[in-house]
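J.: Mind looking over this structure? Questions follow.
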């Protein structure tokens with residue numbers, strides 16, 4: 196919209212943003228006179244653009260500009276701290292943390308799913324629910340992204356073993372026991388804790404192949420009216436598939 200300075204109040208400056216779409220109402224901001232304003236009268240600004248100096252609230256960036264803009268902002272802010280000390284660090288290390296902070300979504304419209312409005316869940320779990328609804332021709336659920344702090348993000352991971360190793364061990368294990376949770380050992384941390392190989396590199400690829408083969412066998416047995424059993428691909432088949440994907 197277009198920036199216009201209105202009549203000042205006693206201790207505040209009045210800025211009015213007139214949307215370029217005339218059907219929309221102008222938006223008014225009251226800014227303390229001590230703040231430095233980075234826009235001038237008549238400037239045209241875009242959605243999410245800063246109009247004064249300072250650090251914006253991350254939740255506001257998420258609500259206005261979306262996940263990608265927030266992720267870029269968080270990475271740049273952390274990198275600025277390292278650059279001031281003359282340290283060069285790859286973005287991917289920070290992006291791993293930011294991804295975990297943005298792993299949750301909040302259901303806004305459950306559609307034909309069994310979820311509830313306001314319920315928070317992993318983005319991957321939400322995508323799985325929508326994929327099943329789409330395959331059945333039902334109404335999809337909608338959700339908005341949620342920003343979590345690093346402590347809360349660690350405690351709300353899908354793996355209760357990983358969460359229990361971080362903080363509040365008694366509470367996490369008690370809730371997992373009451374709910375009858377089963378840890379699928381998908382991540383790195385929980386596999387290290389129980390003494391298994393981490394699902395990364397060659398080991399991760401073979402694990403995914405075995406998982407796909409097991410799900411395929413279970414589906415075949417289910418279609419044939421048989422009983423689902425713990426099945427895995429023969430080692431020769433796994434090795435052959437691994438060579439084919441190498």
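Numbering (the working numbering), first residue to last: 196 to 441. Each residue gets a CB set at the ideal place from its N, CA and C atoms; glycine is no exception. The structure presented is a predicted model; accordingly, all values stated were derived computationally and were not measured.
1. Terminal residues of the continuous alpha helix (DSSP H) containing residue 304?
2. Under DSSP, the beta strand (DSSP E) around residue 224 begins and ends at which residues?
3. Label residue 377 either buried or exposed according to how many other C-beta atoms from any shown protein chain fall within 10 Å of its C-beta, with 16 as the threshold for buried.
4. Express the C-alpha separation of residue 249 and residue 200 in angstroms, rounding to a whole number.
5. Look up residue 427 in the DSSP assignment and say whether it is helix, strand or coil.
6. Output the distance between the C-alpha atoms of residue 346 and residue 245, rounded to the nearest integer angstrom.
7. To the nearest angstrom, report how far apart residue 314 and residue 237 are at their CA atoms.
8. Do three or more CB pairs link the region 314 to 324 to the region 292 to 306 at distances below 8 Å?
9. Please tell me whether residue 197 and residue 232 are closer than 8 Å, where the distance is taken between their beta carbons.
10. Please return the same chain residues whose Cβ sits closer than 7 Å to the Cβ of residue 254, not counting the five positions on each side in sequence.
11. Between which residues of its own chain and residue 362 is the CB-CB distance below 8 Å, once the five residues before and five after are set aside?
12. Would you identify the three-state DSSP class for residue 339, choosing helix, strand or coil?
13. Measure the Cβ-Cβ separation of residue 256 and residue 247 and say whether it is below 8 Å.
14. Which residue marks the beginning of the beta strand (DSSP E) containing residue 208, and which one marks its end?
15. How is residue 315 classed by DSSP in three states: helix, strand or coil?
16. Could you name the residues that DSSP lists as bridge partners for residue 329?
17. Does DSSP classify residue 197 as helix, strand or coil?
18. How many angstroms separate the CA atom of residue 218 from the CA atom of residue 242?
19. How far does the alpha helix (DSSP H) with residue 255 in it reach, from first residue to last?
20. Only counting the same chain, and skipping five residues up and downstream in sequence, which positions put a Cβ closer than 7 Å to that of residue 307?
21. Return helix, strand or coil for residue 389, following the three-state DSSP convention.
22. State the start and end residues of the unbroken alpha helix (DSSP H) segment that holds residue 368.
23. Is the CB-CB distance between residue 303 and residue 339 below 8 Å?
24. Quick check on residue 326: buried or exposed, where buried means 16 or more other Cβ atoms within 10 Å of its Cβ?
25. Is it buried or exposed for residue 419, if we count other Cβ within 10 angstroms and need 16 for buried?
26. So, at 7 Å on beta carbons, what are the nonlocal neighbours of residue 273 in its own chain, with the 5 sequence-adjacent residues on each side left out?
T.: Looking at the atomic coordinates:
1. Residue range 299 to 304 is occupied by the beta strand (DSSP E) that includes residue 304, with no alpha helix (DSSP H) assigned at that position.
2. Run containing residue 224: 222 to 227, per the beta strand (DSSP E) assignment.
3. exposed
4. Going by the C-alpha atoms only, they are around 20 Å apart.
5. Its pLDDT being 45, under 50, residue 427 is placed unreliably by the model, and the measurement read from it follows with that caveat. Note: residue 427 maps to coil in three-state DSSP.
6. 29 Å
7. 43 Å
8. Touching, per the Cβ criterion.
9. No, they are not a contact pair.
10. 342
11. 346, 349 and 350
12. strand
13. If you check the CB distance, residue 256 and residue 247 do not come in under 8 Å.
14. 207 to 213
15. strand
16. Note: residue 329 sits in no beta bridge, so no partner.
17. Here residue 197 sits in strand by DSSP.
18. 17 Å
19. 253 to 260
20. 328, 333 and 334
21. Three-state DSSP puts residue 389 in coil, outside helix and strand.
22. For residue 368, the enclosing alpha helix (DSSP H) has its first and last residue at 364 to 374.
23. yes
24. Looking at its Cβ environment, which holds fewer than 16 other Cβ atoms inside 10 Å, residue 326 is exposed.
25. exposed
26. 289
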